[in-house]
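Novice:
2 protein chains.
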Amino acid sequence: MAAEDRRQQILEVAVQLFSQKGFRGTTTKEIAMAAGVNEAIIFRHFATKSELYTAIMDRKACSDEVQAMQSALKEAMDAGDDRQVFERLAFHMLEFHEHDDTAMRLLLYSALEGHELAEMIFRNHISKTHRQLAEYVKRRVADGAFRRIDPVVAVRGFIGMIINQVMYKKFFERCGGQPLNLTNRQAAERFADLFLASMTNHSYDHQRIRRKH
Amino acid sequence: MAAEDRRQQILEVAVQLFSQKGFRGTTTKEIAMAAGVNEAIIFRHFATKSELYTAIMDRKACSDEVQAMQSALKEAMDAGDDRQVFERLAFHMLEFHEHDDTAMRLLLYSALEGHELAEMIFRNHISKTHRQLAEYVKRRVADGAFRRIDPVVAVRGFIGMIINQVMYKKFFERCGGQPLNLTNRQAAERFADLFLASMTNHSYDHQRIRRKH
DNA sequence: TGCAAGTAAGTATGCGCTTACTTACCACAC
DNA sequence: GTGTGGTAAGTAAGCGCATACTTACTTGCA
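Protein sequence lines, in the order shown, are assigned to chains A and B.
For the first sequence, the numbering used here gives the first residue as 1, with consecutive numbering after it.
For the second sequence, the numbering used here gives the first residue as 214, with consecutive numbering after it.
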């Protein structure tokens, strides 16, 4: 097999294993066996185990699903369609993490283990969406469409609802947590509803909000 | 040192180490050294490393801070004071995880590693609060104080906002994420505001919500 | 003096990584 | 076509060290 093909194949199985068992919990021998080669081959393509781990980032960079979300989001933002912006974001996040549970696990594992991969994933994928969304909220506040709420608070709140739902489904629904019997489409609708209701509720506790700013 | 004292001391240092480096990443020798005893002592008090890990649960059960939150929450619920219920919950969660970062790390590590400790933490601490809160929301919907929203969606959304803020501060603010320069008290206020506004907004997209139920 | 608390020094296994070696491929003179 | 030499893909075996856990022994207090 050609060098580049082998390299990609090793990365592919490494993503699976690292995401399931973490950096420390995955052995180079295991990766080699899953790739069907001798362990020494791993070290011909990657100087160290850690280099192999960080090389995962490049593969994750250009996922189709992520790009689809980015463009769907941009389209809705340009149109100024609040409902579409938040519903699409929620839907894509729910779908993405349902189909691919490697990303979330890799992020959590490397954040806990203090590996630089966590920072790379955060910088390259998450922080950009956060900033874009905060910009959008800020603009809509300026438009008078949203209440005067700190955009960072709003974004963190909304993303939090969705991510929590993802993690709940992934890790805790089997532990006796209350199940949410909704499709991702329905869940996205509900959370977007919840969020937009709070952003546009000019009657609730109005003085208090005003006074803060 | 008496057996029980030694046992407790070992557990204490084990909590710190396991939460920092996970089950796989922590060695029994390391725990022994941190406790200032020979490695063999560990195995006199706990049959296996795994038994030591799950024994952590007992220590975590009766934390003062958790009990304070439970009673503060109950008091506010009995009084039917919506703002207090959600603001206090948010504040206590933020404070708890700021002062003690072992709980969150242990939960995440063991959820990822598939250890039963995750299920124990979830069952004993998290799921109870979720259910209580969902009950409260359900009651307030029946009162006509809240919109007719699925209580599980509402609770998961609110807890999600708070937990996301905790994790963001813990892991990602150093990675170039936008900082939220608020005290825990202020953040709790903002998130509770956000949530309550959405629960009481009878004017926004009313038909749509109605139609769903 | 008896017994629990504590230790030094193991064992078998598995880890990341290296070394010494063998095979497969492929352009090119003849 | 056919030998030939250089290069890269691949392997078996093993190095030094760390792991979870054990055993045989020593201390100190009721």
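Cβ coordinates follow ideal geometry from the N, Cα and C atoms, glycine included.
If you drop the 5 nearest sequence neighbours on each side, which residues of the same chain put their C-beta closer than 8 angstroms to that of B:H426?
Specialist: Note on B:H426: pLDDT 30, under 50, position unreliable in the model; the coordinate value appears next. Closer than 8 angstroms at Cβ, skipping near neighbours: R361.
Novice: Any beta carbon of chain B sitting closer than 7 angstroms to that of A:R7?
Specialist: Not a single C-beta of chain B is nearer than 7 angstroms to the C-beta of A:R7.
Novice: My guess is that B:H343 and B:V368 are in contact by the Cβ rule of under 8 angstroms, so how many angstroms apart are they, rounded?
Specialist: That pair is a contact at about 6 angstroms.
Novice: Can you check whether the CB of B:L321 is closer than 7 angstroms to the CB of A:L112?
Specialist: yes
Novice: Hey, how far is the Cα of B:S340 from the Cα of B:I372?
Specialist: 11 angstroms
Novice: Between which two residues does the alpha helix (DSSP H) harbouring B:P392 extend?
Specialist: Premise fails: B:P392 is in no alpha helix (DSSP H) and is neither H nor E.
Novice: Can you find a C-beta in chain B that's less than 7 angstroms from the C-beta of A:V153?
Specialist: So yes, A:V153 belongs to the interface.
Novice: Does the beta-carbon of A:D100, which I'm using as the reference point, lie nearer than 6 angstroms to any heavy atom of the ligand SAH?
Specialist: In terms of ligand content, the structure shown is empty, and the ligand SAH therefore cannot be addressed.
Novice: Short check: CB of A:K49 to CB of A:E39, under 7 angstroms?
Specialist: no
Novice: Does the CB of B:L407 have a neighbour CB from chain A at under 7 angstroms?
Specialist: yes
Novice: Going by other Cβ atoms of all chains shown within 10 Å of its Cβ, with 16 needed for buried, is B:G249 buried or exposed?
Specialist: exposed
Novice: Please check if any C-beta of chain B sits within less than 7 angstroms of the C-beta of A:Q132.
Specialist: No, A:Q132 does not count as interfacial toward chain B.
Novice: What residues in its chain sit with their C-beta under 8 angstroms from that of B:A247, if we drop five residues either side in the sequence?
Specialist: V226, Q229 and L230
Novice: Compare the beta carbon distance of A:L94 and A:S19 with 7 angstroms and say whether it is the shorter of the two.
Specialist: no
Novice: List, from N- to C-terminal side, the alpha helix (DSSP H) runs of 4 residues or more that fit wholly inside the stretch 49–119 of chain A.
Specialist: 49–61, 64–79, 82–99 and 102–113
Novice: Is the stretch 84–94 of chain A close to the stretch 181–191 of chain A, with three or more CB pairs under 8 angstroms?
Specialist: Yes, the stretch 84–94 of chain A is in contact with the stretch 181–191 of chain A.
Novice: For chain B, is any of its Cβ atoms less than 7 angstroms away from the one on A:L180?
Specialist: yes
Novice: With 16 as the cutoff for other CB atoms within 10 Å, does B:N377 come out buried or exposed?
Specialist: buried
Novice: Restricting to Cα atoms, I'd like to know which of B:K234, B:D218 and B:V354 is closest to B:A316.
Specialist: B:K234
Novice: Would you say A:Q165 faces chain B, with C-beta separation under 7 angstroms as the test?
Specialist: yes
Novice: Just to confirm, are A:H115 and A:F23 a CB contact at a threshold of 7 angstroms?
Specialist: yes
Novice: Going along the chain, which residues of the stretch 314–326 of chain B sit with their C-beta nearer than 8 angstroms to a C-beta in chain A?
Specialist: R318, L321, Y322, A324, L325 and E326
Novice: DSSP three-state label for A:T200, please.
Specialist: Looking at A:T200 - three-state DSSP - the assignment turns out to be coil, as it is neither helix nor strand.
Novice: Hey, B:F309 and B:E278 are a contact pair by Cβ (cut 8 angstroms); roughly how many whole angstroms apart?
Specialist: 5 angstroms
Novice: Comparing the C-beta of A:A197 with each C-beta of chain B, is any distance below 7 angstroms?
Specialist: yes
Novice: Please tell me whether B:F384 has its Cβ less than 7 angstroms away from any Cβ of chain A.
Specialist: yes
Novice: Return the residue from the list A:D82, A:L11 and A:V85 that minimises the CA-CA distance to A:L52.
Specialist: A:L11
Novice: Mind listing the chain A neighbours of B:R272? Cutoff is C-beta to C-beta under 8 angstroms, in chain order.
Specialist: Within chain A, no residue comes near B:R272; the closest Cβ sits about 20 angstroms away, beyond 8 angstroms.
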